[in-house]
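Just so it is clear: in the sequence shown, position 262 is 261 by numbering that gives the first Met the number 0, and no numbers are missing.
Even for Gly, the Cβ is constructed at its ideal location relative to N, Cα and C.
Right, one structure below, let's go through it.
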Amino acid sequence: MKRSLFGFALALCLLVASTARAGAKDFDLKLGVRGGPNFSLLLQPTDSDEYQTVPYPNLMFDLGWNIGGALNMRAWDLIGLEIGAIYGIDSLKGSSYIDTVVDQETRERIKNNISFSQSTLHIPIVAQMTLPFTVIRPFGSLGIDLVVNRSSRTYEQNFDTFVAPGEADRTDPDYDEFYRSALAQGAYRSALNEDDQQIYGGFVLGAGVTITAPRVEIPLEARIVYYPSTGWDMTDRLGDPAANGLSKCDTDKPSLEPSCASLPPSSPPGSNAALLRYNDRPQFQILITAGFDYLLL
0 MKRSLFGFAL
10 ALCLLVASTA
20 RAGAKDFDLK
30 LGVRGGPNFS
40 LLLQPTDSDE
50 YQTVPYPNLM
60 FDLGWNIGGA
70 LNMRAWDLIG
80 LEIGAIYGID
90 SLKGSSYIDT
100 VVDQETRERI
110 KNNISFSQST
120 LHIPIVAQMT
130 LPFTVIRPFG
140 SLGIDLVVNR
150 SSRTYEQNFD
160 TFVAPGEADR
170 TDPDYDEFYR
180 SALAQGAYRS
190 ALNEDDQQIY
200 GGFVLGAGVT
210 ITAPRVEIPL
220 EARIVYYPST
230 GWDMTDRLGD
240 PAANGLSKCD
250 TDKPSLEPSC
260 ASLPPSSPPG
270 SNAALLRYND
280 RPQFQILITA
290 GFDYLLL
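In structure tokens, the structure reads:
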């Protein structure tokens with residue numbers, strides 16, 4: 000995939016360079032800054048019904064931000080190439096619910112809260128088509144986004160425990176704490192996947208307008224980025240669940256299947272724990288960007 004992404008970027012560079020040879024008057028070179036919020040999104044795994052007792056959220060999302068610079072080359076006031084270097088904070092948050100069989104009369108429901116955060120360096124390389132109006136110029140963007148550095152990766156997990164609706168209550172003061180500890184240390188152990196890809200790429204689609212003035216331009220743009228390497232199923236998000244001690248459930252009656260008892264009372268903390276290694280890359284990202292460009296040529 001990396002070869003195809005770099006090959007696409009090279010082809011775009013050659014295209015813009017060839018059009019620039021037509022004459023200096025047909026070529027613009029701009030240097031500018033970019034910034035704005037981002038919205039990261041991680042959708043439900045397609046096979047989540049097969050792992051109903053695995054504490055993985057059906058949906059994760061959160062707001063972050065980006066700031067950086069961009070070099071923009073444009074020919075004939077129509078087609079161009081923009082290369083950016085953008086520092087960003089990407090965040091994801093989500094929750095999952097697990098039903099736990101306590102005894103024949105009581106089921107406990109545990110809410111598993113997960114959040115990810117990371118700082119990233121994005122290198123977007125996009126081709127642009129601009130309508131050559133006088134002051135406000137609509138444009139569209141198509142290209143790639145290379146994430147070449149990931150740092151300050153954080154992972155947090157906490158649990159909220161409550162009795163499932165319609166079930167009998169428990170009065171044992173140590174009950175909640177025991178089951179939180181058992182879920183965190185016994186039935187499952189969790190960690191951030193340190194082997195997750197440090198370099199990955201995505202496809203960019205965007206649209207916006209540029210406000211023009213003598214020697215300066217103000218671009219306003221909305222972009223959506225899709226990162227295919229994040230994957231769509233549980234094995235992409237957690238490695239191989241079976242290899243980590245997780246098993247699939249009967250999706251028709253998960254609460255009645257012994258293999259689906261995610262936290263049987265007989266499991267003491269620390270015994271036969273399945274390891275969940277969370278990948279923290281977003282699957283989609285929406286960016287709202289404002290900029291300021293200065294015309295060099």
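Proximal residues to residue i (C-beta, below 8 Å), its chain only, five neighbours per side dropped
i, result
"T133", "T211"
7 Å CB neighbourhood of residue i in its chain, flanking five on each side removed
i, result
"D173", "Its pLDDT being 45, under 50, D173 is placed unreliably in this model, and the value from its coordinates should be taken loosely. Cβ neighbours of D173 beyond the five flanking positions: none."
"R149", "Q117, T119 and Q197"
"L191", "R152, Y154, Y277 and D279"
"S39", "F60, D61, G63, D89, S90, L91, P281 and Q284"
"Q43", "N57 and L58"
"I287", "G35, P36 and A221"
"T45", "W231 and D232"
Candidates the options, of which the one nearest residue i by Cα
i, options, result
"W64", "S47, N37 and I82", "N37"
"L77", "P123, L58 and S140", "S140"
"G205", "E220, E216, S150 and L145", "E220"
"G34", "L41, G68 and L58", "G68"
"L70", "D61, S39, I85 and F60", "I85"
"L58", "F138, Q282, D292 and N157", "Q282"
"A126", "L80, S90 and P56", "L80"
"R73", "P44, P227, L30 and P56", "L30"
"E193", "L275, I285 and T45", "L275"
"P218", "S90, F291, V147 and P227", "F291"
"L28", "S39, Y55 and I82", "I82"
"I143", "I124, F60, I287 and E49", "I124"
"R222", "V208, E216 and V203", "V203"
"V208", "V147, D25 and P137", "P137"
"V147", "N112, G201, N111 and K110", "G201"
Burial state of residue i (16 or more Cβ within 10 Å)
i, result
"T119", "buried"
"Q197", "exposed"
"T129", "buried"
"A289", "exposed"
"L295", "exposed"
"T297", "With the chain covering only 0 through 296, there is no way to say anything about residue 297."
"L237", "buried"
"Y293", "exposed"
"N157", "exposed"
"R214", "exposed"
"P227", "exposed"
"I66", "exposed"
"I135", "exposed"
Residue range of the unbroken alpha helix (DSSP H) whose run includes residue i
i, result
"T45", "Element bounds for T45: n/a, residue is neither H nor E."
"D61", "That residue, D61, is in no alpha helix (DSSP H); its beta strand (DSSP E) goes M59 to A74."
"L237", "M233 to L237"
Element boundaries [beta strand (DSSP E), containing residue i]
i, result
"L204", "Y199 to A212"
"T288", "F283 to L294"
"P56", "Neither: P56 is in no beta strand (DSSP E) and is coded neither H nor E."
"L219", "V215 to Y225"
Contact set for residue i: own chain, Cβ-Cβ below 6 Å, skip 5 residues either direction
i, result
"D298", "This structure cannot settle anything about residue 298, because the visible part of the chain is limited to 0 through 296."
So, do the segment 79-97 and the segment 226-238 have three or more beta carbon pairs nearer to each other than 8 Å? no
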